[in-house]
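Before any comments, here is the structure.
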Amino acid sequence: MVDVILGLQWGDEGKGKIVDYFAPGYDLIARFQGGPNAGHTLYVEGKKVVLHQIPSGIFHEDKINLIGNGVVLDAVTLKKECETVAGHGVDFKKNLFVSERAHLILPTHRALDKASELSKGNDKIGSTLKGIGPTYMDKTGRNGLRVGDLLDKSFLSQYIKLRMKHQRILDSYNFNEDISAWEDDFFESIEFLKGLKIVNGEYFINDKISQGKKVLAEGAQGSMLDVDFGTFPFVTSSNTISAGVCTGLGIAPQKIKEVYGVTKAYCTRVGSGPFPTELHDEMGELIRKTGNEFGSTTGRPRRCGWIDLVSLQFACMLNGVTKIIITKTDVLDGLDELKVCNAFKINGVEQNMVPMQMNRMAIEPVYKSFDGWKQDITGIKTYDALPAQMKTYLDYLNNFLKIPVKYISNGPNREQIVVA
Ligand code: GDP
Ligand code: IMO
Ligand code: MG
Numbered sequence: 008m009v010d011v012i013l014g015l016q017w018g019d020e021g022k023g024k025i026v027d028y029f030a031p032g033y034d035l036i037a038r039f040q041g042g043p044n045a046g047h048t049l050y051v052e053g054k055k056v057v058l059h060q061i062p063s064g065i066f067h068e069d070k071i072n073l074i075g076n077g078v079v080l081d082a083v084t085l086k087k088e089c090e091t092v093a094g095h096g097v098d099f100k101k102n103l104f105v106s107e108r109a110h111l112i113l114p115t116h117r118a119l120d121k122a123s124e125l126s127k128g129n130d131k132i133g134s135t136l137k138g139i140g141p142t143y144m145d146k147t148g149r150n151g152l153r154v155g156d157l158l159d160k161s162f163l164s165q166y167i168k169l170r171m172k173h174q175r176i177l178d179s180y181n182f183n184e185d186i187s188a189w190e191d192d193f194f195e196s197i198e199f200l201k202g203l204k205i206v207n208g209e210y211f212i213n214d215k216i217s218q219g220k221k222v223l224a225e226g227a228q229g230s231m232l233d234v235d236f237g238t239f240p241f242v243t244s245s246n247t248i249s250a251g252v253c254t255g256l257g258i259a260p261q262k263i264k265e266v267y268g269v270t271k272a273y274c275t276r277v278g279s280g281p282f283p284t285e286l287h288d289e290m291g292e293l294i295r296k297t298g299n300e301f302g303s304t305t306g307r308p309r310r311c312g313w314i315d316l317v318s319l320q321f322a323c324m325l326n327g328v329t330k331i332i333i334t335k336t337d338v339l340d341g342l343d344e345l346k347v348c349n350a351f352k353i354n355g356v357e358q359n360m361v362p363m364q365m366n367r368m369a370i371e372p373v374y375k376s377f378d379g380w381k382q383d384i385t386g387i388k389t390y391d392a393l394p395a396q397m398k399t400y401l402d403y404l405n406n407f408l409k410i411p412v413k414y415i416s417n418g419p420n421r422e423q424i425v426v427a
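FYI, in the working numbering the residues of the sequence shown are 8 to 427.
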């Protein structure tokens, strides 16, 4: 069977830590979409590691980690990351597998991402500039190159053909940065990639499932960044929701059992786009400071706001979430009062649906306030020991979403998690 862990907001919910926590209960951990736009933070023996391409199960010695076909792969980032994990004693040659169908991010994809963002001016998406959008465009446009193509003798000629096509588009943007250094890195890194275990991911994973092995699918980004259901066009270019697990790994929907949805106790977003509960005041600043809300991939300050239950309920519906995991609860430790948004007021009318085009309308969040717990909870190990005010807040979430909040993360370390 396959369980899924994915983000329910705009990314950075703490998926990396949670996958690392759950990994011991699984045999195989697989990324199914996204690419190095992701930054998943975990602590390994007290040291911080941020993973962009490698699944977050890599630090568990006997676990298989698979980069699925739905992922877009940057060989340069992957090589660096393999070197990082090797520094922590990980034998990536043994435990890391790459699907031959995963699409390659080329240096020109990164250039195109940058050129496209520059051309948008104030309307820019706030992309991580890792080449994600252009690579997925070449996938759906049926031009892209895949990991398996690296092993074919025609690779270089295919590369040159696509590179020339990209160059014409770059010229139309008047983009003339020299990318030859990126290309040198790229060619060095694909040699490294060719030395990894490149597999037919769909047979590989289905064979494991038929042998009774347990699979954990690790989402990147969050549901509100999904290309279909997120705050389009301020989204990423893949399906981040649970449906993406099937297409991104080649498994049937009946194989999926638990869908663990991860949410912060508040809300953040990095990059542009609508964010109804965003706080532009000292409270937003306080959350950013206390939560250390700066991007794991780009270092940009994250926009902060209160938890948005309208969007969360929408995300739970889309994903079929079976259990909720709430993270960064400790960040709210010092607050006198906290708020949750339980409706949107649009044109004076309260509603609880996420509109198709949030950025063209004024959305006024309707809030319910809760007393803060004003207590350091980072050392708490049991649900019973949690402050009463916090239980009131969690009960409200349970009742509103009608899905149990089963795990409460109260610090960045692997062991800082309370089971309800
Ligand atoms: P991801 O992209 O969903 O894996 O999340 P990121 O790694 O980008 O961002 C989450 C940040 O919060 C990281 O710095 C984590 O170390 C940290 N973190 C995760 N869970 C908790 C928690 O419960 N409390 C605190 N204080 N930090 C956490
Ligand atoms: P993880 O997996 C937060 C955001 C970018 C931008 C938009 C499009 O760490 O949660 P892209 O580079 O995909 O073209 O950017 O999506 N974004 C993320 N925000 N966490 C992420 O990943 C993100 N990946 C992309 O900031 O707004
Ligand atoms: Mg992140």
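All C-beta atoms, glycine included, are put in the ideal place defined by N, C-alpha and C.
What would DSSP say about residue i, mapped onto helix, strand or coil?
i    : result
Q165 : helix
N129 : helix
R310 : strand
Q261 : helix
K352 : strand
Y28  : helix
R421 : coil
D378 : strand
F179 : Strictly speaking, residue 179 in this sequence is Ser, with Phe absent from that position. In this structure, S179 counts as helix in the three-state DSSP scheme.
S416 : strand
L136 : coil
K338 : In the sequence as displayed, the identity of residue 338 is Val instead of Lys. Residue state, collapsed to three classes: helix.
N366 : helix
T272 : Checking the sequence shown, residue 272 turns out to be Ala, not Thr. Correct three-state label for A272: coil.
E52  : coil
By Cβ distance below 7 Å, which residues in the same chain neighbour residue i in space, the five residues on each side in sequence not counted?
i    : result
K388 : V425
Q165 : L152, D156
V97  : I65, F66
K131 : E124, S279
Say yes only if the C-beta of residue i is nearer than 8 Å to one or more non-hydrogen atoms of the ligand IMO, and no if none qualify.
i    : result
S318 : no
L35  : no
W380 : no
E20  : yes
N44  : yes
T115 : no
V242 : yes
For the beta strand (DSSP E) containing residue i, name the first residue and the last one.
i    : result
T357 : It should be pointed out that residue 357 corresponds to Glu in this sequence rather than to Thr. Here the beta strand (DSSP E) through E357 covers 356-358.
G14  : 9-14
R7   : As displayed, the chain neither begins before 8 nor continues past 427, which places residue 7 out of reach and without an answer.
T238 : Neither: T238 is in no beta strand (DSSP E) and is coded neither H nor E.
Y160 : For the record, residue 160 in the displayed sequence is Lys; it is not Tyr. Premise fails: K160 is in no beta strand (DSSP E) and is neither H nor E.
Q228 : 222-229
N72  : 71-74
Could you spell out the range, first to last residue, of the alpha helix (DSSP H) harbouring residue i?
i    : result
S318 : 316-326
T147 : 139-147
A82  : 82-94
K215 : 208-217
L256 : 250-256
Y400 : 395-408
T284 : Careful: T284 lies outside any alpha helix (DSSP H) and carries neither H nor E.
A188 : 187-201
N102 : 99-102
Thinking C-alpha only, which one of the options is nearest residue i?
i    : options                : result
D340 : K87, L293, N129, K204  : L293
R38  : V56, I65, K55, G32     : I65
V105 : T135, I71, L125, N44   : I71
L232 : M8, G14, V9            : G14
F407 : A350, Y390, T385, G386 : A350
N417 : G327, Y374, K271       : K271
V222 : K204, V269, N213       : N213
Flag residue i as yes when its Cβ comes closer than 8 Å to any non-hydrogen atom of the ligand GDP, and as no otherwise.
i    : result
S279 : no
Y50  : yes
T334 : yes
N417 : yes
S217 : no
V328 : no
D337 : yes
Considering only residues of the same chain and omitting the five flanking positions on each side of residue i, which have a CB-CB separation below 6 Å?
i    : result
C89  : F99
K413 : K330, A427
F301 : P308
Y438 : Here the chain comprises residues numbered 8 to 427, so residue 438 is not present and cannot be evaluated.
H95  : V51
F199 : K86
Counting only the same chain and skipping the five closest in sequence on each side, list residues whose C-beta sits under 8 Å from that of residue i.
i    : result
D343 : D378, G379, K381
L113 : G138, T142, L152, Y166, L169, R170, H173, F193
Q320 : N359, F407, L408
With 9 Å as the threshold, decide whether the Cβ of residue i is near any Cβ in chain C.
i    : result
G219 : Going by chain labels, chain C is absent from the structure shown, which holds only one protein chain.
Is residue i close to the ligand MG? I mean its beta-carbon at under 8 Å from any heavy atom of the ligand.
i    : result
E304 : Checking the sequence shown, residue 304 turns out to be Thr, not Glu. The answer is yes for T304.
G298 : no
G23  : yes
H110 : no
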